[in-house]
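The next block holds one structure in the form of structure tokens; read it before the comments.
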């Protein structure tokens, strides 16, 4: 990385600040959102929250990545529904 690109990187993402990723792994969702594993997988299976499995061709296993925008839209819709039913 050149000195200029390193400086731009540090100005964009100051040391220690998290980079917001669009896709989250299951454990990241469990650590930062109000879900238990079984319930999260239930929402994923129902299509309420979008996700996909990233894996190499021919691989048996991969990494499930959850779309953060879909997750937050789902939570927002749940909050609106809860507000209406008060």
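In this note's numbering, the protein residues as written are 715 to 800. Each residue gets a CB set at the ideal place from its N, CA and C atoms; glycine is no exception. Predicted, not measured: the structure shown is a model, and the values here were computed from it.
From 799, 735, 751, residue whose alpha carbon lies closest to that of residue 741: Your numbering for residue 741 matches position 27 in the chain shown. Closest by alpha carbon: 751.
Extent of the continuous beta strand (DSSP E) run through residue 757: Within the chain shown, residue 757 is the residue found at index 43, counting from 1. It is not in any beta strand (DSSP E) - residue 757 instead sits in the alpha helix (DSSP H) that spans 751-760.
Top-ranked residue by Cα proximity to residue 787, from 779, 755, 762: Here residue 787 is taken as the residue at index 73 of the chain shown, counted from 1. Residue 787 has its Cα closest to that of 762, out of 779, 755, 762.
Contact check, residue 738 vs residue 780, beta carbons under 8 angstroms: Here residue 738 is taken as the residue at index 24 of the chain shown, counted from 1. Here residue 780 is taken as the residue at index 66 of the chain shown, counted from 1. Going by C-beta atoms, residue 738 is nearer than 8 angstroms to residue 780.
Three-state secondary structure assigned by DSSP to residue 735: Position 21 of the chain shown, counted from the first residue, corresponds to residue 735. Correct three-state label for residue 735: coil.
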